[in-house]
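Visitor:
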Amino acid sequence: MKFYITTPIYYVNDIPHIGHSYTTIAADIMARWKRLNNFDVFFLTGTDEHGAKISEAAKVKGKSPKNLCDEMSAKFRETWELLNISNDDFIRTAERRHFIAVENIVQTLFDKGLIFKKKYKGMYCVGCERFYAKKDLDEKGRCPFHKTKPILQSEENYFFKLSSFQDGLLERITDINHKEHIDVRPEERRNEIIGKLKLGLEDVSFSRSAIEWGIPLPFDKSQTAYVWVDALINYITAIGYPNDETKFKKYWPADIHLMAKDILWFHSVIWPAVLMGAELPLPKTVYSHGFFTLNGDKMSKSIGNVISPQELVGAYGVDAARYLAVTLMPFGPDGDISWQGLTLKYNTDLANNLGNLISRTLKMAEKNFNLKIPQVVPDLELAKNVAGILKEGFARNMDGLQLHKAAEVLQSAITLVNRQIEADAPWKLAKTDINKLAARVYSYLQALAVIAMHLLAFMPTLTEKIWQIIGAAGNISDIAKKYFADGVIPENGFSISNADLQIPGILFPRIS
Ligand SMILES: [Zn+2]
19 MKFYITTPIY YVNDIPHIGH SYTTIAADIM ARWKRLNNFD VFFLTGTDEH
69 GAKISEAAKV KGKSPKNLCD EMSAKFRETW ELLNISNDDF IRTAERRHFI
119 AVENIVQTLF DKGLIFKKKY KGMYCVGCER FYAKKDLDEK GRCPFHKTKP
169 ILQSEENYFF KLSSFQDGLL ERITDINHKE HIDVRPEERR NEIIGKLKLG
219 LEDVSFSRSA IEWGIPLPFD KSQTAYVWVD ALINYITAIG YPNDETKFKK
269 YWPADIHLMA KDILWFHSVI WPAVLMGAEL PLPKTVYSHG FFTLNGDKMS
319 KSIGNVISPQ ELVGAYGVDA ARYLAVTLMP FGPDGDISWQ GLTLKYNTDL
369 ANNLGNLISR TLKMAEKNFN LKIPQVVPDL ELAKNVAGIL KEGFARNMDG
419 LQLHKAAEVL QSAITLVNRQ IEADAPWKLA KTDINKLAAR VYSYLQALAV
469 IAMHLLAFMP TLTEKIWQII GAAGNISDIA KKYFADGVIP ENGFSISNAD
519 LQIPGILFPR IS
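Just add 18 to the spot in the sequence shown (first one is 1) and you have the numbering used here.
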């Protein structure tokens, strides 16, 4: 089975901030989780590089647009490397392969009579790269996002007949039994989209004249494709459209497009309409997440309260930063974060619960068995209880992108093992029954191995380390793939008797 997941391609007018990182980490965790579940995963991210905004920014900096894009795009790639993002491709819209895909789609739509020329006059915001109707501007006649006055522009452009897709889109979004159903999530935003769709659709401007930094229309080279057309098509370029039919057929349609809510309309209405026009299958799920504020304030460069991914990694380390980013608030609604909240979650989940479980178990193994648990009759009851808890809620929440809930289930499994240790009172067993103690410590290691396999998608590097520390055999990814396929704990467990355990050191130092 295949699984194709995408992040938006990020516009190169900005450096990567926590918003980009949030979407990308969530996509990465999903991609890793699906790989562990034996899916053939294609995970795509990249950069959106065309448009007037970029050529103007380049001019200001005395660079060519191409140079500016190279520089900015590299910053995104470096950040994804830092965050251990496992994308299978990184697409840039200024690449040749993307020109070919855009030209192909645009020509197809033109041949089908879905693109027509029209003289247009309107209020244009350069910041947004779009025209605004009067009713969409604020009370002072300014762009609602940039708080600047749009400029009156008159152009002869090509338009896309979006209006003719209203009924088709409504059917596909509302009817879950439609064979081309698009699952727009979360539900509140799906309802907003449906409400807006019912009001009717206007044809949309499809090209710009006099914007050189873009992809020329194949049938009229004096115009370039509008940056939104150009950007959306990246999702099919990267999987081989139009020249690698085998690859394209293998991965398309996308299983999930992820994005922030401000671009949900483009992904749930305009993009499907373009695909319908070109007679291509539609994405299965379009899932948007909310915006977040920091201590109740909107993050902005001018206020200077933007959290960078580098800061997050600096404070908690890569693995914990990934875990915290996706567990602090639900994926979907808006949320508020704070450094205090992040640190509290770090201390509660990672330092106190998981970190404590690992360190106390290994300390027992060191003190009583010199880091080699003797051969014991494997007691798998605790590991099976842990597996039971996880089976209940973990996979369902992961598959539904409720990563914070999946992490809660994981934490409750960790708590269960910590409580079992207290109930067993191993410090007493050390004095009375050393064989029984060996069997108990062994059972904690088994439970830890089950926990580790579920933690792997969130914290890939640290979890591999935990796997070694607890003396578990083999490569954790391979073992986890087998475990998730058949759901069975091997007869002798995952850790081996007489394996060399390791002193973990402090994996999650408490932060005060
Ligand atoms: Zn604007």
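Every residue, glycine too, gets a C-beta built ideally from N, C-alpha and C.
Are there 16 or more other CB atoms within 10 angstroms of the CB of Ile-521, so buried, or fewer, so exposed?
Guide: Classification for Ile-521: exposed.
Visitor: Measure from the alpha carbon of Ser-515 to the alpha carbon of each residue in Gly-489, Phe-502, Leu-54, Gly-411, then state which is nearest.
Guide: Gly-489
Visitor: Which same chain residues, not among the five before or five after Glu-426, have their C-beta less than 6 Å away from its C-beta?
Guide: Excluding five sequence positions before and after Glu-426, none of the CB atoms of its chain fall closer than 6 Å to its own CB.
Visitor: State the DSSP-derived secondary structure class of Gln-520, mapped to helix, strand or coil.
Guide: Coil at Gln-520, not helix or strand.
Visitor: Does the beta carbon of His-4 fall short of 7 Å from some heavy atom of ligand 1?
Guide: Outside the modelled stretch of the chain, which goes from 19 to 530, sits residue 4, for which no answer is possible.
Visitor: Residues in the same chain with beta-carbon distance under 6 Å from Phe-21, minus the five sequence neighbours each way, listed in chain order, please.
Guide: Lys-52, Phe-57, Val-59, Asp-273
Visitor: With a threshold of 7 Å (Cβ to nearest heavy atom), would Phe-163 be considered close to ligand 1?
Guide: yes
Visitor: Using alpha carbons as the reference points, say which of Ser-182, Arg-207, Tyr-501 lies closest to Gly-218.
Guide: Ser-182
Visitor: DSSP three-state label for Arg-528, please.
Guide: In the three-state scheme derived from DSSP, where H, G and I count as helix and E and B as strand, Arg-528 is classed as coil.
Visitor: For the beta strand (DSSP E) that contains Cys-87, what are its first and last residues?
Guide: Not the beta strand (DSSP E): Cys-87 falls in the alpha helix (DSSP H), residues 83 to 100.
Visitor: Roughly how many whole angstroms lie between the Cα atoms of Asp-417 and Ile-47?
Guide: Cα to Cα, the separation comes out at about 11 Å.
Visitor: For Tyr-138, which beta-bridge partners are listed by DSSP?
Guide: Note: Tyr-138 sits in a beta bridge opposite Glu-173.
Visitor: CB-CB under 7 Å to Val-287, same chain, minus the five flanking residues each way: which ones, in chain order?
Guide: Leu-187, Ile-211, Leu-215
Visitor: Can you look up Leu-375 in the DSSP assignment and give me helix, strand or coil?
Guide: Note: Leu-375 maps to helix in three-state DSSP.
Visitor: Measuring only the C-alpha atoms, how far is Gly-406 from Ala-498?
Guide: 16 Å
Visitor: What are the uninterrupted segments assigned as alpha helix (DSSP H) that are 4 or more residues long and contained completely in the segment 236 to 300, given in chain order?
Guide: Entirely contained in the segment 236 to 300, the alpha helix (DSSP H) runs reaching 4 residues are, in chain order, 245 to 250, 252 to 255, 263 to 269, 289 to 295.
Visitor: Mind checking Gln-393: buried by the 16 CB within 10 Å criterion, or exposed?
Guide: exposed
Visitor: Going by C-alpha to C-alpha distance, which of Leu-293, Phe-512, Leu-480 sits closest to Leu-180?
Guide: Leu-293
Visitor: Does the segment 327 to 345 come within contact of the segment 358 to 368, defined as at least 3 CB pairs closer than 8 Å?
Guide: yes
Visitor: Under three-state DSSP, which class holds Ala-401?
Guide: Helix at Ala-401.
Visitor: Quick one: is the Cβ of Cys-87 within less than 7 Å of any heavy atom of ligand 1?
Guide: Proximity of the beta carbon of Cys-87 to ligand 1 is not indicated: no heavy atom of the ligand is located closer than 7 Å.
Visitor: Can you give, in chain order, each stretch of the alpha helix (DSSP H) that sits fully within the segment 471 to 512 and has at least 4 residues?
Guide: Taking only runs of at least 4 residues, the alpha helix (DSSP H) segments lying wholly in the segment 471 to 512 are 478 to 487, 494 to 504.
Visitor: Assign Trp-445 to one of two classes, buried (16 or more other C-beta atoms within 10 Å of its C-beta) or exposed (fewer than that).
Guide: exposed
Visitor: Can you give me the C-alpha to C-alpha distance between Tyr-40 and Glu-147, rounded to a whole angstrom?
Guide: 24 Å
Visitor: What does the Cβ neighbour count give for Ala-228, buried or exposed, with the cut at 16 atoms within 10 Å?
Guide: exposed
Visitor: Can the beta-carbon of Leu-419 be found closer than 8 Å to that of Phe-502?
Guide: no
Visitor: CB of Gly-159 to nearest heavy atom of ligand 1: below 7 Å?
Guide: no
Visitor: Hey, out of Lys-265, Asn-195, Glu-157, His-285, whose CA is closest to Val-202's CA?
Guide: His-285
Visitor: Taking only three categories from DSSP, how would you classify Pro-26?
Guide: Pro-26: strand per DSSP, three-state reduction.
Visitor: Among residues of its own chain, excluding the 5 on either side of Ala-424, which ones have a beta-carbon nearer than 6 Å to its beta-carbon?
Guide: Phe-412, Asn-415, Met-416
Visitor: Could you give the DSSP three-state label for Arg-160: helix, strand or coil?
Guide: In the structure shown, Arg-160 sits in coil (DSSP, three-state: anything other than H, G, I, E or B).
Visitor: What's the C-alpha gap between Asn-195 and Glu-205?
Guide: 17 Å
Visitor: Anyone know if the C-beta pair for Asp-44 and Leu-421 falls short of 8 Å?
Guide: With the sequence shown as reference, residue 44 is identified as Ala, and Asp is not the correct amino acid for it. Yes.
Visitor: So for Leu-62, helix, strand or coil by DSSP?
Guide: Looking at Leu-62 - three-state DSSP - the assignment turns out to be strand.
Visitor: Give me whichever residues DSSP pairs with Tyr-150 in a beta bridge.
Guide: Met-141
Visitor: Just mark Pro-567 as buried or exposed, buried being the case when its beta carbon has 16 or more other beta carbons within 10 Å.
Guide: Residue 567 lies beyond the range of the chain shown here (19 to 530); nothing can be said about it.
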